[in-house]
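Asker: Here the numbering used here is used: the first residue of the sequence shown is 1484, the next is one more, and so on.
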Amino acid sequence: MIPTRAYAAFSSEAPLAPHVIQRRTPAPDEILIEILYSGICHSDIHTVRSEWGPTQYPCVPGHEIVGRVVEIGKRVKRFKVGDHAGVGCFVDSCGKCTECRSDEEQYCTVHAAFTYNSLERDLKTPTYGGYSERITVRERYALKIKKSLPLEKVAPLLCAGITTYSPLKRYGIRKGMKVGIVGLGGLGHMGVKLARAMGAEVTVFSTSPGKEKDAKRLGARHFILSNRPNAFEPVQGRFDFILDTVSAKHDFTPYLESLKKDGTLVLVGAAPDPSEVQAFSLIFGRKRLTGSLIGGIRETQEMLDFCARKNVLSEVEVIPASMINAAYERTLKGEVRYRFVIDTSTLRDLK
Ligand code: NAP
Ligand code: ZN
Ligand code: ZN
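#1: What three-state label does DSSP hand T1619 in the structure shown?
#2: Return the residue from the list G1817, T1814, M1806 and G1659 that minimises the CA-CA distance to A1500.
#3: Does the beta-carbon of G1536 have 16 or more other beta-carbons within 10 angstroms, so that it is buried, or is it exposed?
#4: Grab the span of the alpha helix (DSSP H) containing T1598 for me, first residue to last.
#5: Based on Cα-Cα distance, which residue from S1709, S1775 and L1651 lies nearest to L1667?
#6: Report yes if the C-beta of K1607 is less than 8 Å from at least one heavy atom of ligand 3; otherwise report no.
#7: Tell me whether S1805 sits in a helix, a strand or coil according to DSSP, three-state version.
#8: In whole angstroms, what is the alpha-carbon distance linking V1543 and S1533?
#9: Roughly how many angstroms lie between the CA atoms of L1606 and V1593, to the nearest whole one?
#10: Please identify the residue among E1800, H1705 and G1663 whose C-alpha is closest to the C-alpha of K1743.
#11: On the DSSP bridge list, what partners appear for I1518?
#12: Can you check whether the CB of T1646 is closer than 9 Å to the CB of S1775?
#13: Quick check for students: name the residue ranges of the beta strand (DSSP E) that lie wholly in the stretch 1709 to 1758, counting only runs of 3 or more.
#14: Which residues in the same chain as T1747 place their Cβ atom closer than 6 Å to its Cβ, once the five residues preceding and following it in sequence are excluded?
#15: Between H1672, G1768 and R1704, which has its C-alpha nearest D1727's C-alpha?
#16: Report the rounded CA-to-CA distance for L1641 versus G1669, giving the unit in angstroms.
#17: So the candidates are L1651, K1696 and F1688; which of them puts its Cα closest to the Cα of G1682?
#18: How would you call D1832, buried or exposed, if buried means at least 16 neighbouring beta carbons within 10 angstroms?
#19: When you measure from the CB of S1758 to every non-hydrogen atom of ligand 1, does any distance come out below 8 Å?
#20: Looking at S1689 and ligand 1, is the gap between the Cβ and the nearest heavy atom below 8 Å?
#21: Buried or exposed for F1763, please, with buried defined as at least 16 other CB atoms from any protein chain shown within 10 angstroms of its CB.
#22: What first and last residue would you give for the alpha helix (DSSP H) that runs through T1608?
#23: Is it buried or exposed, G1779, if we count other Cβ atoms within 10 angstroms and call 16 or more buried?
#24: Does DSSP classify Q1784 as helix, strand or coil?
#25: Go ahead and label A1702 buried or exposed: buried means 16 or more other beta carbons lie within 10 angstroms of its beta carbon, across all protein chains shown.
#26: How would you write the range of the beta strand (DSSP E) that Y1490 sits in, first residue to last?
#27: Verify whether the separation of the beta carbon atoms of G1556 and D1512 is less than 9 Å.
#28: Sorry if obvious, but does the Cβ on S1631 come closer than 8 Å to a heavy atom of ligand 3?
#29: According to the neighbour-count rule (16 or more other Cβ atoms, all chains shown, within 10 Å of its Cβ), is N1713 buried or exposed?
#30: Please indicate yes or no: does the CB of E1582 lie closer than 8 Å to some heavy atom of ligand 3?
#31: Closer than 8 Å to a non-hydrogen atom of ligand 2 - does that hold for the CB of C1572?
#32: May I ask whether a heavy atom of ligand 2 can be found less than 8 Å away from the beta carbon of D1843?
#33: Have a look at I1518 and S1828 and give me their C-alpha separation to the nearest angstrom.
#34: Can you tell me whether G1774 is helix, strand or coil according to DSSP?
#35: Taking 8 Å as the line, does the beta carbon of Y1821 fall inside it for any heavy atom of ligand 1?
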């Protein structure tokens, strides 16, 4: 076992603090990655604070992991020492069920081992995430990252990127389609960039007036301040597709009313509290309300290659590990522009 410095939550209320975890030496089909950067996703905050149900503490969050391969098992084929590699929201799955066989391991019906606050395939060992110096993972669940890409701007693609890419791809977003993105945070800003790169005309719905300029710079044509009276009047029946990335409870009805007939509203934002939906907002216009969970390994690799080709990267603020708690507070206040990314080499400086 390899002692590894990390940053962990010890309860739902206390601030995160330095911790030491153990990583295993790689088995024949595993690689050991020295983590260089790890993004802060709002899911980390929901989990650390037990907002989605009871969390297992200590919890080392982080599922936007990038780094350098430092050791490989003897059967490893896709990676060599020195390569750049990434790990997203899950580190293992059964590999045999219908979902795993169709490259949608995140929906594994046996056991998907999520990157943190979950159990390994043995159903015993807790998983620990990317707020740490290194991680051991089966090569099948690691992503290849081109050496030419700036790693800190790639890290958020491993969750924010794939979570927005997957539904945009699934619903066939292409040139000329009208797409709405709700919430301009970590996921939302990737949604804007990706929908634009697919050729869509993008509208951002935001509660923050200060984000209009950025929304347009990131690729949006229109910006709607969703908390203003009558904000939705001009966009009734306008959109083919709306992607909702909001992290807190809100009303879906105005977004459903903004869809065309047969339009689709996809929820990726995972607010802990339930919202009501009016049946009529779906019945008239035969609208679809659905959800989407990250993406499989094959699709995540496809997304990384798409982003490399189209020069789509995340807008990041790199922070030392000592700033993690402050970054959580700023994310909760909507002050993130647009993803905090931890420089994990700074874990070394902590006592
Ligand atoms: P984030 O950076 O905090 O962004 C969320 C944005 O939602 C905020 O920037 C804000 O945008 C808007 N918002 C926040 N509170 C709001 C409220 N009360 N009413 C209306 N709008 C509000 O979070 P994130 O990392 O992008 O994650 C977003 C959500 O997606 C989280 O719930 C996360 O757990 C979930 N998630 C789901 C998946 C999946 O697979 N489905 C994957 C990753 C994350 P404006 O300032 O523009 O209004
Ligand atoms: Zn995430
Ligand atoms: Zn499976």
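Even for Gly, the Cβ is constructed at its ideal location relative to N, Cα and C. Keep in mind it's a predicted model, so treat the numbers as computed, not measured.
Answerer: Quick answer:
#1: Mapped onto the sequence shown, residue 1619 falls at position 136. Look at T1619 here: in three-state DSSP terms it is strand.
#2: In the sequence shown, residue 1500 corresponds to position 17, counting from 1. Per the Cα distances, M1806.
#3: Looking up residue 1536 in the sequence shown gives position 53. Exposed, by the Cβ-count rule.
#4: Sequence index remark: in the sequence shown, residue 1598 carries index 115 (1-based). Per DSSP, T1598 belongs to no alpha helix (DSSP H) and is neither H nor E.
#5: Within the sequence shown, the letter at position 184 stands for residue 1667. Nearest option by C-alpha distance: S1709.
#6: Looking up residue 1607 in the sequence shown gives position 124. Outside the cutoff, so no.
#7: The residue you call residue 1805 lines up with position 322 of the sequence shown. Residue state, collapsed to three classes: helix.
#8: The sequence position of residue 1543 within the sequence shown is 60, counting from 1. The sequence position of residue 1533 within the sequence shown is 50, counting from 1. Just so you know, the alpha carbons of V1543 and S1533 end up roughly 13 Å apart.
#9: Translated into the one-based positions of the sequence shown, residue 1606 becomes position 123. Translated into the one-based positions of the sequence shown, residue 1593 becomes position 110. Rounded to the nearest angstrom, the two C-alpha atoms are 11 Å apart.
#10: Here the question's residue 1743 lines up with position 260 in the sequence shown. Checked all of E1800, H1705 and G1663; the closest Cα to K1743 is G1663.
#11: Within the sequence shown, numbered from 1, the residue matching residue 1518 stands at position 35. When DSSP reads this structure, I1518 sits in a beta bridge with G1550.
#12: Numbered from its first residue, the sequence shown carries residue 1775 at position 292. Numbered from its first residue, the sequence shown carries residue 1646 at position 163. Yes.
#13: Within the stretch 1709 to 1758, the complete beta strand (DSSP E) runs of at least 3 residues are 1722 to 1727 and 1742 to 1750.
#14: Position 264 of the sequence shown holds residue 1747. Annotation for T1747: Y1654, F1724 and R1771 place their beta carbon closer than 6 Å to its own, counting only its chain and skipping 5 residues before and after.
#15: Translated into the one-based positions of the sequence shown, residue 1727 becomes position 244. Nearest C-alpha to D1727: H1672.
#16: If you number the sequence shown from 1, residue 1641 lands on position 158. If you number the sequence shown from 1, residue 1669 lands on position 186. So the two alpha carbons sit approximately 12 Å from each other.
#17: Reading the sequence shown from its first residue, position 199 is the one you call residue 1682. The shortest C-alpha separation from G1682 is found at L1651.
#18: Position 349 of the sequence shown holds residue 1832. By the Cβ neighbour-count rule, D1832 is exposed, with fewer than 16 other Cβ atoms within 10 Å of its own.
#19: Translated into positions along the sequence shown, residue 1758 becomes position 275. No, the Cβ of S1758 stays beyond 8 Å of every heavy atom of ligand 1.
#20: Position 206 of the sequence shown holds residue 1689. Of the heavy atoms belonging to ligand 1, at least one sits nearer than 8 Å to the Cβ of S1689.
#21: Indexing the sequence shown from 1 puts residue 1763 at position 280. Result: exposed.
#22: The residue labelled residue 1608 in the question sits at position 125 within the sequence shown. Careful: T1608 lies outside any alpha helix (DSSP H) and carries neither H nor E.
#23: Within the sequence shown, numbered from 1, the residue matching residue 1779 stands at position 296. Classification for G1779: buried.
#24: Taking the first residue of the sequence shown as 1, we reach residue 1784 at position 301. Here Q1784 sits in helix by DSSP.
#25: For the purposes of this step, residue 1702 is identified with residue 219 of the sequence shown, where counting begins at 1. A small correction: the amino acid at residue 1702 is Gly; Ala does not occupy that position in the sequence shown. Here G1702 is buried: its Cβ has 16 or more other Cβ atoms, across all protein chains shown, within 10 Å.
#26: In the sequence shown, residue 1490 corresponds to position 7, counting from 1. Counting along the chain, the beta strand (DSSP E) containing Y1490 begins and ends at I1485 to A1491.
#27: Taking the sequence shown and counting its residues from 1, one reaches residue 1556 at position 73. Taking the sequence shown and counting its residues from 1, one reaches residue 1512 at position 29. The answer is yes: Cβ separation under 9 Å.
#28: Residue 1631 sits at position 148 when you count from the first residue of the sequence shown. Not under cutoff, so the answer is no.
#29: For this step, residue 1713 is matched to residue 230 along the sequence shown. Exposed: under 16 other Cβ atoms inside 10 Å.
#30: In the sequence shown, the residue the question calls residue 1582 occupies position 99. At least one heavy atom of ligand 3 is found less than 8 Å from the C-beta of E1582.
#31: For the purposes of this step, residue 1572 is taken as residue 89 along the sequence shown, with counting starting at 1. At least one heavy atom of ligand 2 is nearer than 8 Å to the Cβ of C1572, so yes.
#32: With the chain covering only 1484 through 1834, there is no way to say anything about residue 1843.
#33: Here residue 1518 refers to the residue found at position 35 of the sequence shown. Here residue 1828 refers to the residue found at position 345 of the sequence shown. Straight-line Cα distance between these residues: approximately 8 Å.
#34: Numbered from 1 along the sequence shown, position 291 holds the residue referred to as residue 1774. G1774: strand per DSSP, three-state reduction.
#35: In the sequence shown, counting from the first residue as 1, residue 1821 sits at position 338. At a threshold of 8 Å, Y1821 counts as near ligand 1, since its beta carbon sits closer than that to one of the ligand's heavy atoms.
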